[in-house]
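Numbering (mature numbering (1 follows the signal peptide of the UniProt record, and there is no 0)), first residue to last: -19 to -1, 1 to 122.
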Amino acid sequence: MKALALLLLSGCLIVANEAKVFSRCELAYKLQEAGMDGYEGYSLANWICMAFFESGFNSAAEDDNADGSTDYGIFQINSRVWCNNHRSPTENLCYMPCTDLLSSDITDDIICAKRIVKDPKGMDACPTPVCTKIIDLSLVS
C-alpha cells in the first residue's frame, strides 16, 4: 500500500515538472506577476514576442546550434554564455544548469532573462530583433 502511494506521489511530481506550451495570455500573466513588464525598458509585448518567435511558448524547446551550443526553454537561452549544459564550453553567467530552463516552472527562465537584459547588449543579445521594436501583439497568436 505504501509503495502504491509513493508511486502515485512520484507520478504527480513528474507531471508537475513536465514541459508546457503556454497560451499567450497565460504567459503574459506569469511574466506580469514576475515584474517583467517594463523591466530594463522592455514591455510585456517584447517578452511575449520573443517567447513566441523563439519557442512558440514551449517551455521545453531545445535547439542545437552550429557552434555546438544549445538554446533552451521558453526564451531559448544559450548554453555558450548563460547556462551550463555539461557538453559545451560555457560562461554560465546565469549560474544554472540548462535543464532548469526546460520545465513548466519558468521561474529560472525569468531569472536568467532578467540577467541577460542587464547585459550591455540587453535584448539585442537575443537573435529576435523584431521584438525590440514596437509590435502589435495581435500578430502573436
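Even for Gly, the Cβ is constructed at its ideal location relative to N, Cα and C. Predicted model only: the values in this text are computed from it and were never measured.
For this session: For the beta strand (DSSP E) containing E43, list its first residue and its last residue.
Result: Secondary structure note for E43: its beta strand (DSSP E) is the uninterrupted segment 43 to 45.
Exercise. Taking just the CA atoms, how far does R68 sit from N27?
Worked result: N27 and R68 have their alpha carbons spaced roughly 31 Å apart.
Problem set entry | For M(-19), three-class secondary structure by DSSP | Note that M(-19) has pLDDT 48, beneath the 50 cutoff, so the model's placement of it is unreliable and the number below is only indicative. Coil, per DSSP.
Exercise. Going by other Cβ atoms of all chains shown within 10 Å of its Cβ, with 16 needed for buried, is G49 buried or exposed?
Worked result: Flag for G49 reads exposed.
Exercise. Roughly how many whole angstroms lie between the Cα atoms of S24 and M17?
Worked result: The alpha-carbon of S24 is positioned some 7 Å away from that of M17.
Problem set entry | For F34, the nearest candidate out of I55, A15, G19 (CA to CA) | Ranking I55, A15, G19 by CA distance to the CA of F34 puts I55 first.
Problem set entry | Residue burial classification, Q57 (beta-carbon count within 10 angstroms, cutoff 16) | With 16 or more other CB atoms across the displayed protein chains lying within 10 angstroms of its CB, Q57 is buried.
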